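The structure appears below as structure tokens.
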Amino acid sequence: MSGYTPEEKLRLQQLRVLRRRWLRDQELSEREPVLPRRQLGPVAAFWERFLQPGGLWRQQVFKTYQTGSFVLTRVLVPAWVILYYLKYHVMKTPHGVVMSNPRIFPGDKILETGEIIPPLKEEAGAHH
29 MSGYTPEEKL RLQQLRVLRR RWLRDQELSE REPVLPRRQL GPVAAFWERF
79 LQPGGLWRQQ VFKTYQTGSF VLTRVLVPAW VILYYLKYHV MKTPHGVVMS
129 NPRIFPGDKI LETGEIIPPL KEEAGAHH
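Just so you know, we're using this note's numbering here: the sequence shown kicks off at 29 and counts up by one.
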């Protein structure tokens, strides 16, 4: 027995037709691809509308905004983080932090003057 049976030939011919149809279906028409609308955030949507053609001042405002955001995010915030780290984690006595004097109790001796703090006077009839 040589060759394909009529059922096998029919099946192979149907598979070829299906493959060709599938390949034709993979070609995109001029209306494809259908992309979803681009969802912009509130800031991006504002700048999208703001930067429509119509004036040089709008471009200047946008350039100023970009420069300001660059300076804030790339200069000021990192500088603040570095300063905070140095002030509170590296320096021994941070700037602006006041060290409180030690407590003094009656009978203690002040080292600078050698004076002894006298005991507190009791008031008669005082209640707590």
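Backbone N, C-alpha and C define an ideal beta-carbon position, used for all residues, glycine too.
Being a predicted model, the structure only gives us computed values, none of them experimental.
Can you grab the Cα-Cα spacing for the pair residue i / residue j, in whole Å?
| i | j | result |
| --- | --- | --- |
| residue 147 | residue 128 | 23 angstroms |
| residue 111 | residue 119 | 10 angstroms |
| residue 90 | residue 46 | 55 angstroms |
| residue 142 | residue 151 | 28 angstroms |
| residue 56 | residue 66 | 21 angstroms |
| residue 138 | residue 100 | 51 angstroms |
| residue 32 | residue 48 | 21 angstroms |
| residue 144 | residue 132 | 10 angstroms |
| residue 50 | residue 30 | 31 angstroms |
| residue 108 | residue 126 | 21 angstroms |
| residue 96 | residue 72 | 16 angstroms |
| residue 44 | residue 37 | 11 angstroms |
| residue 135 | residue 114 | 41 angstroms |
| residue 88 | residue 117 | 42 angstroms |
Within this structure, are the beta carbons of residue i and residue j separated by less than 8 angstroms?
| i | j | result |
| --- | --- | --- |
| residue 98 | residue 86 | no |
| residue 162 | residue 68 | This structure cannot settle anything about residue 162, because the visible part of the chain is limited to 29 through 156. |
For the alpha helix (DSSP H) that contains residue i, what are its first and last residues?
| i | result |
| --- | --- |
| residue 51 | 34 to 54 |
query: Enumerated in chain order, which unbroken segments of the alpha helix (DSSP H) with a length of 4 residues or greater are wholly contained in the region 79 to 126?
result: 84 to 99, 105 to 113
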